[in-house]
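Engineer:
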Amino acid sequence: MPHGCDPRALVLHGVRLKGFARVDQLADVTGLYPSEVTTSLEELRSQELVTHREGRVSGWALTQTGRQRDAELVAAELDQAGMRDRVDECYRRFLDVNHKLLGVCTEWQMRTVDGRQVLNDHGDDGYDRAVISRLRTIDGEIQPVCEALASGLSRFHAYGPRLSNALKKIESGETDWFTKPVIDSYHTIWFELHEDLLSTLGLERAKEGAS
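Heads up, the sequence shown is in the numbering used here, so the first residue is 33 and it goes up one at a time.
1) Which residues in the same chain as isoleucine 164 place their Cβ atom closer than 7 Å to its Cβ, once the five residues preceding and following it in sequence are excluded?
2) Comparing C-alpha positions only, which one of Arg101, Leu76 and Arg54 sits nearest to arginine 88?
3) Starting from the C-beta of leucine 167, find all residues in its chain whose C-beta is less than 6 Å away, skip the five residues before and the five after it, and write them out in chain order.
4) Does the contact criterion of 3 or more C-beta pairs under 8 Å hold for the stretch 75-89 versus the stretch 115-131?
5) Helix, strand or coil for histidine 226 per DSSP?
6) Exposed or buried, which one is threonine 97 when buried takes at least 16 other CB atoms within 10 Å?
7) Could you tell me which residues DSSP pairs with arginine 143 in its beta bridges?
8) For valine 119 and serine 196, I'd like the C-alpha separation in whole angstroms.
9) According to the neighbour-count rule (16 or more other Cβ atoms, all chains shown, within 10 Å of its Cβ), is aspartate 208 buried or exposed?
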């Protein structure tokens, strides 16, 4: 049975992963209804764990206390679920695929013409279709990792469907869903999965692979 999670903890961790987020974005990340997200955010704000920024771009962010509390909750959840070894294994499987994803993202944005790297203007349908095909292969490799994570920690349950949804949009011609940063693009979701694995295991991205 997957280990469940309090909605407030899900939302707190969602803010940690996004850095700065709107309610609708946190609903996508957590799989909660927007009303549930809003209620949780207000409770978290009353505990001074999150803060809301107003202005031209408004959203929610963690306080320093909130960041510390999220780290404590994630560590406790991992140990209570007895999932540390499985998450570590999934993290290593993720890293085996990560360089491939980074490679296809570069191929999507850049291409070699006459021996020079130039921006991909997406005028060559055959080239783009080949890159999307490689992304489809990568998705087939990462989905079992997402399933293994979700089977033990329920807060990971949304990653597989979110990645699948982004891939479907790309395949249907909505190619912004490949790498665009301000939407739930394939690369955005992948980045959040990476961050989630690091934070769950208490690792720092800057020191990744140093040991």
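Idealized CB from N, CA, C, for every residue including glycine.
Structural biologist: Based on what the coordinates show:
1) Ile202 and Glu203
2) Arg54
3) Val136
4) no
5) helix
6) exposed
7) Val150
8) 21 Å
9) exposed
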